[in-house]
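Okay, structure first, notes after.
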Amino acid sequence: MPPTRAEKTLRTRRRMLDAAHRLFVERGWTRTTVEDIARAAEVGVQTVYFTFGTKRAVLKEVLDSAVAGDTDPVATLDRPWARAVLAEPSAAAQLALQAAGARQILERAAAVLEVVRAAAAADPELAELWRTNEEQRHTVQLRFAEALVEKAGGALRDGADAASAAAVATALLGPETYGSLVTARGWEPSRWEGWAADALTRQLLR
95 MPPTRAEKTL
105 RTRRRMLDAA
115 HRLFVERGWT
125 RTTVEDIARA
135 AEVGVQTVYF
145 TFGTKRAVLK
155 EVLDSAVAGD
165 TDPVATLDRP
175 WARAVLAEPS
185 AAAQLALQAA
195 GARQILERAA
205 AVLEVVRAAA
215 AADPELAELW
225 RTNEEQRHTV
235 QLRFAEALVE
245 KAGGALRDGA
255 DAASAAAVAT
265 ALLGPETYGS
275 LVTARGWEPS
285 RWEGWAADAL
295 TRQLLR
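The structure is reproduced here in structure tokens:
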């Protein structure tokens with residue numbers, strides 16, 4: 095059975111996003127053009143503009159799909175891995191699941207996040223995209239921290255509250271820390287995951 099028109103459109107969109115992802119990571123924001131993306135995806139330049147509107151919009155969707163792992167419009171806290179974090183009854187096991195979830199996301203998205211972070215210094219719209227991503231990450235970690243406080247009977251290390259726990263988790267599980275150890279120092283992602291889980295436990299639990 096031949097693909098429907100909607101399926102063809104979706105495949106073309108995916109091909110453009112894959113090409114853009116690869117080019118942004120390899121060349122950076124400035125040196126990647128819409129023409130480059132169109133050529134790599136084997137579509138016309140106008141197809142890219144018609145589908146996304148601007149190069150910034152392409153990067154935003156590349157980032158969103160890298161973080162999510164797909165293009166489905168499902169919020170992070172509604173995804174199975176996040177639901178598993180919240181449903182886990184053990185505080186220590188919850189932190190291990192947070193580290194595992196962060197690893198899965200950062201293996202896909204760390205390089206694209208670095209493209210956005212680097213470009214943000216010279217591009218106000220991308221600076222806003224970076225700030226939005228930071229806020230989204232913090233929002234997720236705050237919800238996890240609220241659940242952690244409940245599981246720990248309200249007693250975290252050194253009297254930390256949910257806001258403090260979220261700040262610690264956002265820093266430890268952020269792309270900057272991952273990039274420093276995995277990208278720059280050559281750690282295996284599995285090693286980073288174990289280190290992150292241990293660091294979270296030492297920082298947050300008694």
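All residue numbers for the sequence shown refer to this note's numbering, where the first residue is 95 and numbers rise by one. Ideal Cβ placement from N, Cα and C applies to all residues, glycine included.
Spatial neighbours of residue i in its chain, beta-carbon cut-off 8 Å, leaving aside the 5 residues before and after
| i | result |
| --- | --- |
| Glu136 | Arg109 |
| Val262 | Ala254, Leu294, Gln297, Leu298 |
| Arg173 | Ala162 |
| Gln230 | Thr170 |
C-beta neighbour in chain C for residue i, strict 8 Å
| i | result |
| --- | --- |
| Val152 | Considering every chain present, this structure includes no chain C. It has just one protein chain. |
Inter-residue spacing [alpha-carbon to alpha-carbon] between residue i and residue j
| i | j | result |
| --- | --- | --- |
| Leu275 | Ala290 | 11 Å |
| Gln188 | Leu242 | 7 Å |
| Ala100 | Leu298 | 48 Å |
| Ala213 | Asp164 | 24 Å |
| Gly147 | Ala169 | 23 Å |
| Gly280 | Arg225 | 27 Å |
| Trp175 | Ala190 | 12 Å |
| His232 | Ala257 | 10 Å |
| Gly273 | Thr141 | 34 Å |
| Ala260 | Ala151 | 29 Å |
| Leu236 | Met95 | 47 Å |
| Glu228 | Arg211 | 10 Å |
| Leu180 | Asp158 | 22 Å |
| Lys319 | Tyr143 | The question about residue 319 has no answer here: the residues shown for the chain are numbered 95 through 300. |
| Arg177 | Leu220 | 30 Å |
| Pro183 | Asp292 | 18 Å |
CB contact flag (residue i, residue j, <8 Å)
| i | j | result |
| --- | --- | --- |
| Val128 | Val119 | no |
| Lys154 | Leu223 | yes |
| Ala265 | Thr271 | yes |
| Leu267 | Gln192 | yes |
| Ala194 | Glu282 | no |
| Arg305 | Arg300 | The structure shown does not extend to residue 305, since the chain is modelled only from 95 to 300, so the question has no answer here. |
| Gly122 | Val209 | yes |
| Thr145 | Arg107 | yes |
Of the residues the options, the one placed nearest residue i, counting alpha carbons only
| i | options | result |
| --- | --- | --- |
| Lys149 | Thr106, Leu111, Glu270, Lys245 | Leu111 |
| Asp255 | Asp172, Arg202, Ala239 | Ala239 |
| Leu207 | His115, Pro96, Arg285 | His115 |
| Val156 | Ala260, Ala216, Ala204, Glu182 | Ala204 |
| Asp217 | Thr124, Thr98, Ala113 | Thr124 |
| Ser284 | Ala196, Ala160, Asp166, Ala178 | Ala196 |
| Pro269 | Glu244, Glu182, Ala160, Thr98 | Ala160 |
Cβ neighbours of residue i in the same chain (closer than 7 Å, five flanking residues each side left out)
| i | result |
| --- | --- |
| Leu117 | Thr126, Asp130, Ile131, Ala134 |
| Ala246 | Ala185, Leu299 |
| Leu171 | Val234, Arg237 |
Close beta carbons around residue i, own chain, < 6 Å, minus the five adjacent residues each side
| i | result |
| --- | --- |
| Ala113 | Ile131, Ala134, Ala135 |
Where are the alpha helix (DSSP H) runs, 4 residues long or more, that stay fully inside the region 154-231, in chain order?
174-181, 185-214
* Asked: What are the uninterrupted segments assigned as alpha helix (DSSP H) that are 4 or more residues long and contained completely in the region 112-148, given in chain order?
  -> 128-135, 139-146
Quick check for students: name the residue ranges of the alpha helix (DSSP H) that lie wholly in the region 242-292, counting only runs of 4 or more. 256-266, 269-272
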